[in-house]
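Below is one structure; the comments refer to it alone.
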Amino acid sequence: MINLIDIYCLFNRARGTELISPEDLLQACSLWEKFNVSVALRKFDSGVMVIQNKSHSDGEVITRIKTLVTKPDALQAGITASDAAMALGIAPAMAKEHLLNAESRGLLCRDISPDGFRFYVNLFPDFDSDNMYLVKDYSAYSAWIKAASAS
Numbered sequence: 000m001i002n003l004i005d006i007y008c009l010f011n012r013a014r015g016t017e018l019i020s021p022e023d024l025l026q027a028c029s030l031w032e033k034f035n036v037s038v039a040l041r042k043f044d045s046g047v048m049v050i051q052n053k054s055h056s057d058g059e060v061i062t063r064i065k066t067l068v069t070k071p072d073a074l075q076a077g078i079t080a081s082d083a084a085m086a087l088g089i090a091p092a093m094a095k096e097h098l099l100n101a102e103s104r105g106l107l108c109r110d111i112s113p114d115g116f117r118f119y120v121n122l123f124p125d126f127d128s129d130n131m132y133l134v135k136d137y138s139a140y141s142a143w144i145k146a147a148s149a150s
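Each residue of the sequence shown is one higher than the one before, counting from 0 in the working numbering.
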C-alpha cells in the first residue's frame, strides 16, 4: 500500500522533464478496473487515497491491530500511529488511517490530547446495555483489569 501522493512524486521524478498532472494520474488509476490490473485505488473516509493490491484485506489488518492493542503495555497506555506503523511495517499516516478504520468498526476508541491521538481497545461492547454493571464478554475487559492492576 502506498499513498497516491508518493506515487505521483516517484513517477514524475522518474520521468524527468515530461511531467504529468495529478489529474492525469488520478484518471489513469480510475482506468485500472477496466483492464483488470492487480492493484486498485482506495479512498479512505478522511479522503486519503492509496494504491493497494486487490488482495489486500482490511480484516487481516484489523486482526493485527487487535493483537497489538490487547498487549499489556497497550492496554495501559494505548497505542499511537507510530506504534501501529512499526508493528504493521507501513508509514505512520497509513497506520493512522487503519486505526481510524478500526475505530469506526468499534474495535478501538481514541483519546485526543496535545500529544496527539492515542488509541485504546474499546471495552464498551463488553458491557450489557441493559445493565451497566453486567459484563457480557470478559475477554478484553479481564485483560484490561489485569494490566491496570499490575501497574
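Think of the CB as a built atom: it goes at the ideal place given N, C-alpha and C, for glycine as much as any other residue.
Pairwise C-alpha distance: residue j and residue i
i: A20; j: V47; result: As written in the sequence, residue 20 is Ser, which differs from the Ala given in the question. Their backbone Cα atoms lie some 18 Å apart in a straight line.
i: I1; j: S29; result: 16 Å
i: W31; j: V38; result: 8 Å
i: A80; j: Q26; result: 30 Å
i: A76; j: I61; result: 19 Å
i: E59; j: I111; result: 26 Å
i: N11; j: P113; result: 37 Å
i: R104; j: G115; result: 21 Å
i: I4; j: K33; result: 23 Å
i: D152; j: H55; result: As displayed, the chain neither begins before 0 nor continues past 150, which places residue 152 out of reach and without an answer.
Residue environment, residue i, which counts as buried when at least 16 other CB atoms sit within 10 Å
i: E96; result: buried
i: V120; result: buried
i: I64; result: buried
i: D82; result: buried
i: L9; result: exposed
i: A13; result: exposed
i: F118; result: buried
i: L106; result: buried
i: I78; result: buried
i: L98; result: buried
i: L18; result: exposed
Bridge partner(s) assigned by DSSP for residue i
i: C108; result: Y119
i: L40; result: I50
i: I78; result: F118
i: N2; result: V49
Same chain, Cβ closer than 6 Å to residue i, neighbours up to 5 away in sequence not counted
i: A86; result: L67
i: C108; result: Y119, N121
i: A101; result: I61, I64, L107
i: R41; result: V49, Q51
Helix, strand or coil at residue i according to DSSP, with G and I counted as helix
i: T62; result: helix
i: F10; result: helix
i: K95; result: helix
i: N100; result: helix
i: S29; result: helix
i: A90; result: coil
i: S20; result: coil
Own chain, CB closer than 7 Å to residue i, minus 5 neighbours either side, in chain order
i: A84; result: A90, P91, A94
i: K53; result: S37, V38, A39
i: A73; result: L67
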